[in-house]
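A quick write-up on the structure given underneath.
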Amino acid sequence: MRDTSPKYYVTLWDTLVELSSPDWQRMIDGAARRVERGRVPYLAVQELTGVPWQVIGAIHDMEASSVFSKNLMNGEPWNRKTTIEPVGHGPWKSWEASAVEALEYDGLAGQSDWSIAATAMRFEEFNGGPKWRTRGYAKRGKNSPYLYSGCQHGVGSGKYVIDGQYDPDAVSQQVGAMVILKRMAAMGLYRPGAPEAPERPENAFRPTYDPRNISRRVMEVQEALNLVGAYLGGCLAYLAKEPLDEDGLLGPKTAKAIFLYSGAWPDQTPENVRRVVEAFAAREVA
């Protein structure tokens, strides 16, 4: 049995050093960048739950490699009922709805203490359940790779390859949630504590450019997205019932649909809007 006290987790954070191999450095940077790219939808869920967007993003990367067609609860598609633990949840109307239920189900929603120790213990509970202190990695005297894979604290931890089956020789190929947060802190994107109040996501797309320059291209993209939602479904299935207005304006609904389909989130700058929209328009969507 290992220490599970708050002091222990603070010490792990203070002494955390990333593994230095080129492969691990590439993986750590990729995980942090994926969370950064998902900032706007994570902020939307932060506003509904009080969970810091960086924590939401780290969980999403662990559960679904930050893919927005997959739910936060266990990484299955959010538009289908879950078939692995926890079983029988969903389907949901949106990725955000699935994320809110996941955070409520595991007791993260509504919490006010997001210190390093509290955050680490909530990752433990999200992954290992409410009895994580007396079973799993803690019972075996190991640090959880769900938190520490990719740093010295996760070396030799082994891995639960499936629920209930532990392999002492297995090595996690994911970047642990605390390692992601540590890299994001170094990037200036994370600071332990209560979530900061950001600009509301729905106000994040105030035009800072002349929309007439790309309005025709945006209109084409909106039409294509509606077709994808109607005929291919998947993460855009909701558009069959709630299609985008084909008005050529890049609002939050259009930006979200582009992101769900392509993985790129348009921000306010005209260069990025033009790049993302034109790249999307060049894709095969049917």
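Counting in the numbering used here, the sequence shown runs from 1 upward without gaps.
Cβ coordinates follow ideal geometry from the N, Cα and C atoms, glycine included.
Outcome for S112 when other beta-carbon atoms lying within 10 angstroms are tallied against a minimum of 16:
exposed
Just the C-alpha distance for R212 and K256, rounded to the nearest angstrom, thanks.
Legend: pLDDT at R212 = 45, less than 50; position of this residue unreliable, value from coordinates given subsequently. The alpha-carbon atoms of R212 and K256 are separated by roughly 21 Å.
Local Cβ density within 10 Å of M121, reported as buried at 16 or more and exposed below that
buried
Taking the C-alpha atoms as reference points, what is the distance between Y137 and K70?
26 Å
Would R80 be called buried (16 or more neighbouring beta carbons within 10 Å of its own) or exposed?
exposed
For P211, the three-state DSSP class (helix, strand or coil):
Note on P211: pLDDT 42, under 50, position unreliable in the model; the coordinate value appears next. Three-state DSSP puts P211 in a helix.
Let me make sure I understand the geometry here. Which of Q54, K93 and K7 has the alpha-carbon closest to that of M187?
Q54
Jot down the residue ranges of each uninterrupted alpha helix (DSSP H) in the stretch 93-125, minimum 4 residues, whole runs only, in chain order.
95-105
Are there 16 or more other CB atoms within 10 angstroms of the CB of M178, so buried, or fewer, so exposed?
buried
Between which two residues does the beta strand (DSSP E) carrying K159 extend?
K159 to I162
With 8 Å as the threshold, decide whether the Cβ of V221 is near any Cβ in chain D.
Judged by its chain identifiers, the structure shown contains no chain D, having just a single protein chain.
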